[in-house]
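In terms of the numbering used here, the sequence shown is residues -6 to 257. Yeah, the Cβ is synthetic: ideal placement off N, Cα and C, and Gly gets one too. Right, one structure below, let's go through it.
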Amino acid sequence: MIDRLNEFFGDLTVAELRGQACRDFADDRGNEGGSRRDLEVLRAAINYYHAEHTLDMVPKVTLPAKGDPRQTWLTRQEVAKLLRAARNGFRSQHLIRVIMIGLYTGTRLSAILNLQWIPNTTGGHVDLERGVIYRKAEGQRVSHNKRRTPVKIPPRLMRFLRYWKAADTSIDETGQEVRLRYVAHYQGEKFVSPHKAFRGIRAAAGLGDDVTPHVLRHTRATWLAQAGVDIHQAASSLGLTVEEFERTYAHASPDFQKAAANAF
-6 MIDRLNEFFG
4 DLTVAELRGQ
14 ACRDFADDRG
24 NEGGSRRDLE
34 VLRAAINYYH
44 AEHTLDMVPK
54 VTLPAKGDPR
64 QTWLTRQEVA
74 KLLRAARNGF
84 RSQHLIRVIM
94 IGLYTGTRLS
104 AILNLQWIPN
114 TTGGHVDLER
124 GVIYRKAEGQ
134 RVSHNKRRTP
144 VKIPPRLMRF
154 LRYWKAADTS
164 IDETGQEVRL
174 RYVAHYQGEK
184 FVSPHKAFRG
194 IRAAAGLGDD
204 VTPHVLRHTR
214 ATWLAQAGVD
224 IHQAASSLGL
234 TVEEFERTYA
244 HASPDFQKAA
254 ANAF
């Protein structure tokens, strides 16, 4: 991301930044969502510098229009196919944990990959005694639009987590318990990105290219809405505001506009 911004804007001073340059960057990037995220980083960097050193003039970073929220979600049959492909695939069984945690908690991929068995300062952790997944590190500050609120562990996922924790624990020669650090890991080591392996199981499951790890979060949210779960609890479990959840997922609820539709 930084390399893309530097390659395009590197020859400009902050004072020379104009809306047209931002629009040209978006056109060159060819992806509205991606260019918007890149330009948001540029804007944040400029604002941070201004707060620390004070610019004479703070340019406005022109962003592409925000796209409609992604609506892709999986049926239970599609999830079963994805899990079956992960279970049967070569070097893809580690994705089972990613899929299960993403599906049953709606946790973002980056938080899943940093999830650990004990409290720490670099990622969230699983507390099996309290039945809660804490999605951010101790003392960690996160941006407003990436809230990482705690989430109650569903009973079905709890059984898997207990099994995984036991599987990740051994006894060393001194009789002490030794446990792997990360909940989702590849042969005991943290993996940085599951995207290549995920593409493999997605193809094996016969699912489209629009099915990414983030779709697991959309699936969880959609299933909550379809089940008629209280909107405050549903939103809180996903780290969303009620307004965000309602805007994106309320249409999936069986009670969506029910009174209006039956008014006359």
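1) Which class does valine 51 belong to by DSSP, given the choice of helix, strand or coil?
2) According to DSSP, is glutamate 239 helix, strand or coil?
3) Could you work out which residue in Asp21, Ile(-5), Leu75 is closest to valine 34 when comparing CA atoms only?
4) Which residues bound the beta strand (DSSP E) around tyrosine 127?
5) When the Cα of glutamate 182 is compared with those of Leu108, Ile146, Met50, which residue comes out closest?
6) Between which two residues does the beta strand (DSSP E) holding isoleucine 164 run?
7) In terms of residues, what are the limits of the beta strand (DSSP E) holding aspartate 120?
8) Beta-carbon separation of threonine 215 and leucine 150 under 9 Å?
9) Can you tell me the Cα-Cα spacing of threonine 241 and histidine 46, whole angstroms?
10) Can you find the residues in the same chain that come closer than 7 Å, C-beta to C-beta, to isoleucine 105, ignoring five residues on each side of it along the sequence?
11) Comparing C-alpha positions only, which one of Asp120, Arg101, Glu9, Asp21 sits nearest to tryptophan 110?
12) Confirm, please, whether the CB-CB distance from glutamine 180 to histidine 87 is below 9 Å.
13) Can you check whether the CB of alanine 190 is closer than 9 Å to the CB of serine 85?
14) Among all the DSSP beta bridges, which residues are the ones paired with lysine 145?
15) Under 9 Å, do aspartate 21 and phenylalanine 1 count as touching if we go by C-beta distance?
16) Within this structure, are the beta carbons of alanine 130 and threonine 114 separated by less than 9 Å?
17) Expressed to the nearest angstrom, what Euclidean distance is found between the alpha-carbon atoms of threonine 100 and valine 7?
18) Considering Cα atoms alone, identify which of Leu209, Ala220, Leu217 is closest to alanine 73.
19) Measure from the alpha carbon of alanine 19 to the alpha carbon of each residue in His211, Lys59, Leu48, then state which is nearest.
20) Pull up the CB-CB distance for arginine 29 and leucine 56, whole angstroms please, since I reckon it's below 8 Å.
21) Can you tell me whether alanine 220 is buried or exposed? The criterion is at least 16 other CB atoms within 10 Å of its CB, across all chains shown.
In terms of the structure at hand:
1) coil
2) Secondary structure at glutamate 239: helix, using DSSP grouped into helix, strand and coil.
3) Ile(-5)
4) Where tyrosine 127 is concerned, the enclosing beta strand (DSSP E) stretches over 125 to 127.
5) Leu108
6) 162 to 164
7) 118 to 120
8) no
9) 39 Å
10) Val91, Ile94, Gly95, Ala177
11) Asp120
12) yes
13) A contact, by the Cβ cut-off of 9 Å.
14) Partner residues in the beta bridge of lysine 145, as assigned by DSSP, are Val125.
15) yes
16) The answer is yes: Cβ separation under 9 Å.
17) 37 Å
18) With distances taken between Cα atoms, alanine 73 lies closest to Leu209.
19) Lys59
20) 5 Å
21) exposed
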